[in-house]
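Quick notes on the structure that follows.
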Amino acid sequence: TIQKRDINGKYKDHNVSLIRIDLSNKEDIFALKKINDTWKDAIFTSDVYDDAKYLHDNDIFNSGRKFYILTTQKKRFNRLHPDSILAATGVSVKEFLPYVSIEHFETKPEFQFSEHNRLYKKVGTGLLNALKKAFEDKDITLHSVSSSLDFYKYNGFKQLSYDSMNLRFFRG
793 TIQKRDINGK YKDHNVSLIR IDLSNKEDIF ALKKINDTWK DAIFTSDVYD DAKYLHDNDI
853 FNSGRKFYIL TTQKKRFNRL HPDSILAATG VSVKEFLPYV SIEHFETKPE FQFSEHNRLY
913 KKVGTGLLNA LKKAFEDKDI TLHSVSSSLD FYKYNGFKQL SYDSMNLRFF RG
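Here this note's numbering = 1-based position in the sequence shown + 792.
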């Protein structure tokens, strides 16, 4: 759940979908390419797209790398609508580890916290909450950039040491 601005300018809860990118599906890879091409001020979208494209092009579908999008799209997920994508992430999953690692995390620039009068709010938090639910039996780790540190702390992640940019969301 994120928040969407209504006609009166008030934000209300809005349901979204977390979709796992099918690395064998060229349409899914194309959707990532489209957001990479159009999200001009995004920093990590190219990492998500480049990594997914490499795995797709080399038929590497069981590497433990998974890619997800948060979208307003509600049906026909076999044909993703790039304009409906609000956020994208790459996650490393190894079944034998008690955690998953977020490798890249990006929200559409026009919906980031610094943008005033944006149509959607809490997109990054929505993506994190969806990942917490998807991996409910695992901790979640990540390496943050300094400008995002407070955002992750706000969402329940703990710094692993005082001067570290490595964070972890601990279960229980």
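Glycine included, each C-beta is placed from N, C-alpha and C at the ideal position.
Would the beta-carbon of residue i fall within 8 Å of that of residue j?
i, j, result
"L878", "K900", "yes"
"T793", "N807", "yes"
"T881", "Y860", "yes"
"F943", "G918", "no"
Relative to the C-alpha of residue i, which residue among the options is closest?
i, options, result
"I827", "N850, L862, L923 and K930", "L862"
"Y891", "V915, F962 and I852", "F962"
"I811", "S893, R910, A922 and I932", "A922"
"F949", "D942, R960, S940 and S939", "R960"
"N947", "S938, S939 and K924", "K924"
"E898", "N958, G856, I821 and Y841", "Y841"
"D820", "N854, D929 and R868", "R868"
"P1000", "V883, L920, S893 and K825", "In this structure the chain extends from 793 to 964, so residue 1000 is not present and cannot be described."
If you draw a straight line from the C-alpha of residue i to the C-alpha of residue j, how long is it?
i, j, result
"R797", "Q904", "14 Å"
"E902", "D833", "9 Å"
"S885", "N800", "One detail in the question is off: residue 885 reads as Val in this sequence, not Ser. Taking the straight line from one Cα to the other gives about 42 Å."
"S876", "R910", "15 Å"
"R871", "A823", "9 Å"
"D931", "H908", "33 Å"
"S809", "L934", "22 Å"
"E895", "K802", "33 Å"
"S938", "Q865", "32 Å"
"K914", "F888", "32 Å"
"S940", "K804", "24 Å"
"N844", "S936", "This sequence places Ala at residue 844; Asn is not what is there. Their Cα atoms are separated by approximately 21 Å."
"F927", "Q795", "23 Å"
Under the three-state reduction of DSSP, which class applies to residue i: helix, strand or coil?
i, result
"I861", "strand"
"L878", "strand"
"F897", "strand"
"I794", "strand"
"Y803", "strand"
"L810", "strand"
"Y944", "helix"
"Y891", "strand"
"K914", "coil"
"V779", "For the chain, the structure presents residues 793 to 964; residue 779 sits outside this window and is missing."
Are there any heavy atoms of the ligand FAD lying less than 7 Å away from the beta-carbon of residue i, as far as the coordinates show?
i, result
"K900", "Absent from the structure shown: the ligand FAD. Ligands present: none."
Fill in: Meets three-Cβ-pair contact criterion under 8 Å: the segment 803–819 and the segment 839–850
yes
Margin query: For the segment 832–840 against the segment 951–960, do three or more pairs of beta-carbon atoms, one drawn from each stretch, fall closer than 8 Å, so that the two count as touching?
Written below: no
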